[in-house]
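Enquirer: First residue of the sequence shown? That's 28 in my numbering, and the numbers climb one at a time after it.
All C-beta atoms, glycine included, are put in the ideal place defined by N, C-alpha and C.
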Amino acid sequence: RASGQSRTRAGLGARRGLRPSARVLRALPDRSPVSRRGQVQGEFSKQLSQFWYSQETALQLAKEAITAAGEGGRIACVSAPSVYQKLRELHREDFSVYIFEYDKRFAIYGEEFIFYDYNNPLDLPEKIAAHSFDIVIADPPYLSEECLRKTSETIKYLTQGKILLCTGAVMQEEAAKLLGVKMCKFIPEHTRTLANEFRCYVNYDSGLDHDI
Ligand SMILES: C[S@@+](CC[C@H](N)C(=O)[O-])C[C@H]1O[C@@H](n2cnc3c(N)ncnc32)[C@H](O)[C@@H]1O
């Protein structure tokens, strides 16, 4: 699973905090979820339940993750590729970040890409140690108890404590039960209108409740 990653990374010539190289971006398939500027774009797969945050929301969530992770912190983006993208764009060396994603097109990010299927929530590479992330930000693909329960297993395995969950307002009760998170005032926005009201949830004192 993780085996082809170092080859991809070499192809990227990517250091953390940089966009993929021009050569890699030119080679991307037409329907790549990453634009030629290295950003998650409008292309999406309905089967994979892909819908992307607006640039403003992705930035706000990325900044929140950095603040919550603290100096030298480790951030896990679980099924939230546009937050991962924003974190890379910020070009900062004082945190590290991994992208846990099912869509293998994001494997262009090399060693920071971890293939992840919520159906096998603890099927992760050995290099991903338990409780090794200061904060986990997750946006599970489906609004179902099963999907949230399984994703919660991953979140609890990865985090040292802090959790930032983005999901439908209808999941509020389940989210509180499974992860002890509470709904924030901040309202995330997407590049297209969603059928369901969407919210963020945290289990710590978060800027998403203050700086509105
Ligand atoms: C609701 S979208 C969240 C994206 C987020 N709003 C963003 O802009 O980054 C769900 C994400 O889950 C991923 N996904 C789809 N199927 C999955 C699976 N079986 N396991 C884990 N993630 C999956 C999708 O590729 C997508 O990135």
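Is the Cβ-Cβ distance between S109 and Y169 less than 7 Å?
Expert: Here residue 109 refers to the residue found at position 82 when the sequence shown is read from its first residue. Here residue 169 refers to the residue found at position 142 when the sequence shown is read from its first residue. Taking 7 Å as the Cβ cut-off, S109 and Y169 do not qualify as a contacting pair.
Enquirer: Measure how close the beta-carbons of Y228 and T178 come, nearest whole angstrom, since I'm counting them as under 8 Å.
Expert: Taking the sequence shown and counting its residues from 1, the one referred to as residue 228 is at position 201. Taking the sequence shown and counting its residues from 1, the one referred to as residue 178 is at position 151. That pair is no contact at about 12 Å.
Enquirer: Report yes if the CB atom of F160 is closer than 7 Å to the CB atom of A103, and no otherwise.
Expert: Indexing the sequence shown from 1 puts residue 160 at position 133. Indexing the sequence shown from 1 puts residue 103 at position 76. Yes, the Cβ-Cβ distance between F160 and A103 is below 7 Å.
Enquirer: Closer than 6 Å to a non-hydrogen atom of ligand 1 - does that hold for the CB of S179?
Expert: The residue you call residue 179 lines up with position 152 of the sequence shown. Answer for S179: no, Cβ out of range of ligand 1.
Enquirer: Between Y143 and ligand 1, is there a pair consisting of the residue's CB and a ligand heavy atom that are separated by less than 6 Å?
Expert: Numbered from 1 along the sequence shown, position 116 holds the residue referred to as residue 143. Under cutoff, so the answer is yes.
Enquirer: Quick check on the burial criterion: 16 or more other C-beta atoms within 10 angstroms. Buried or exposed for V197?
Expert: Against the sequence shown, residue 197 aligns to sequence position 170. Looking at its Cβ environment, which holds fewer than 16 other Cβ atoms inside 10 Å, V197 is exposed.
Enquirer: Specify, as a first and last residue, the run of the alpha helix (DSSP H) that C174 falls within.
Expert: Along the sequence shown, one-based indexing puts residue 174 at 147. Segment 172-185, the alpha helix (DSSP H) holding C174.
Enquirer: Under 7 Å Cβ to Cβ from D121, same chain only, skipping five residues before and after it: list those, please.
Expert: By 1-based counting over the sequence shown, the position of residue 121 is 94. Excluding sequence neighbours, D121 sits near E98, G99.
Enquirer: For K189, does the three-state DSSP call read helix, strand or coil?
Expert: Working through the sequence shown from its first residue, we reach residue 189 at position 162. Three-state DSSP puts K189 in a strand.
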